[in-house]
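Below you'll find the structure, written out as structure tokens, and then a few comments.
2 protein chains.
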Amino acid sequence: MNTDNTKSQMRKGMLEYCIMLLLRHQPCYANDIIQRLHEAEMIVMEGTLYPLLSRLKRDGLLGYEWRESTQGPPRKYYVLTDDGQEALSQLDASWEEILRTVNILKQ
Amino acid sequence: MNTDNTKSQMRKGMLEYCIMLLLRHQPCYANDIIQRLHEAEMIVMEGTLYPLLSRLKRDGLLGYEWRESTQGPPRKYYVLTDDGQEALSQLDASWEEILRTVNILKQ
DNA sequence: TTCAGTACCTTGCCATACAAGGTATTACAA
DNA sequence: TTGTAATACCTTGTATGGCAAGGTACTGAA
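Same order as they appear, the protein sequences are chains A and B. According to the numbering used here, the first sequence is numbered sequentially starting from 1477. According to the numbering used here, the second sequence is numbered sequentially starting from 1477.
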């Protein structure tokens, strides 16, 4: 568990958090994620996403399973692991903290 | 004006935004900033802050003036320039966008 | 069997957070 | 007057990570 590191990363980017929020509801493969984030007004590039997913997988926060597609090669569907769920809870807390910080500074 | 770039930086970090929010109200020198951000629950290191301030200065978003101190060497008080004010408005918008994104993803 | 579409991944570059270390000015006490 | 502590500003080196560009592999249809 490297939430300290993740937390410090959060200052650098909301991306990781947003992706894990997405996966909280349902397994997704890369293009799913890109499209859904786009719908939520956040742009993410392939070259950013794939390394990020690999990293989260390597850190044990995500797992994946292959699923057949009717329209091309099989897809890697990523899922939150139990560790991932827990890390996400901590990220939720970090997000609340950022919210507080910004609200204080906006006064 | 490189708000596109700043906007993309924002995904990486809230720091720049928070510092400019601080300076919206009043001129501050480095230790002021560190302390006030700390009070707002955001930690920032000297080695992060000084280059960041120099960068914002170089980009014309901040200016500074020297002020005497009763307790040591003179201090560099940073102020938002007009360009800085405008950039900050755009960062406000980006922040709202992130808020929307997270709220959508949290549903 | 070739080509377009889809999907996954890597490489190289650049920006930046951070730790650590360095320099300069000031105040104060010996 | 000199030395020392406190304050303040800044730089260097390292690691991380976003992004553009390019590459590989599988699938299905012309």
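Beta carbons: idealized from backbone N, C-alpha and C, even for Gly.
Check	Outcome
Leaving out the 5 sequence neighbours to the left and right, which residues in its chain are closer than 6 angstroms to residue 1544 of chain B when beta-carbon positions are compared?	1550
Which ranges does the beta strand (DSSP E) cover as unbroken runs of at least 3 residues, wholly within the stretch 1491-1554 of chain A, from first to last along the chain?	1538-1545
Could you check where the alpha helix (DSSP H) with residue 1566 of chain B kicks off and where it finishes?	1558-1582
Shorter than 8 angstroms from the beta carbon of residue 1498 of chain B to some beta carbon of chain A?	yes
Take residue 1553 of chain A as the anchor and find which of A:1529, A:1559 and A:1516 has the nearest alpha-carbon.	A:1529
Can the beta-carbon of residue 1500 of chain A be found less than 8 angstroms from the beta-carbon of residue 1556 of chain A?	yes
Roughly how many angstroms separate the alpha carbons of residue 1534 of chain B and residue 1540 of chain B, rounded to a whole number?	11 angstroms
Pick out whichever of B:1526, B:1568 and B:1523 has its Cα sitting closest to the Cα of residue 1579 of chain A.	B:1568
So is residue 1485 of chain A buried or exposed if we call it buried at 16+ other beta carbons inside 10 Å?	Annotation note: pLDDT 49 at residue 1485 of chain A (below 50); position unreliable, coordinate value reported separately. So residue 1485 of chain A counts as buried.
For residue 1513 of chain B, I'd like the list of residues in its chain whose CB is within less than 8 angstroms of its CB, leaving aside the five on either flank, ordered along the chain.	1494, 1495, 1498, 1519 and 1520
Taking the C-alpha atoms as reference points, what is the distance between residue 1517 of chain A and residue 1577 of chain B?	6 angstroms
Got a sec: is the Cβ-Cβ distance from residue 1494 of chain A to anything in chain B below 8 angstroms?	yes
By alpha-carbon positions, which one of B:1523, B:1526, B:1542 and B:1515 ends up nearest to residue 1503 of chain B?	B:1542
Determine which residues of the stretch 1549-1580 of chain A have a Cβ less than 7 angstroms from any Cβ of chain B, and write them out in chain order.	1571, 1573, 1574, 1576, 1577, 1578 and 1580
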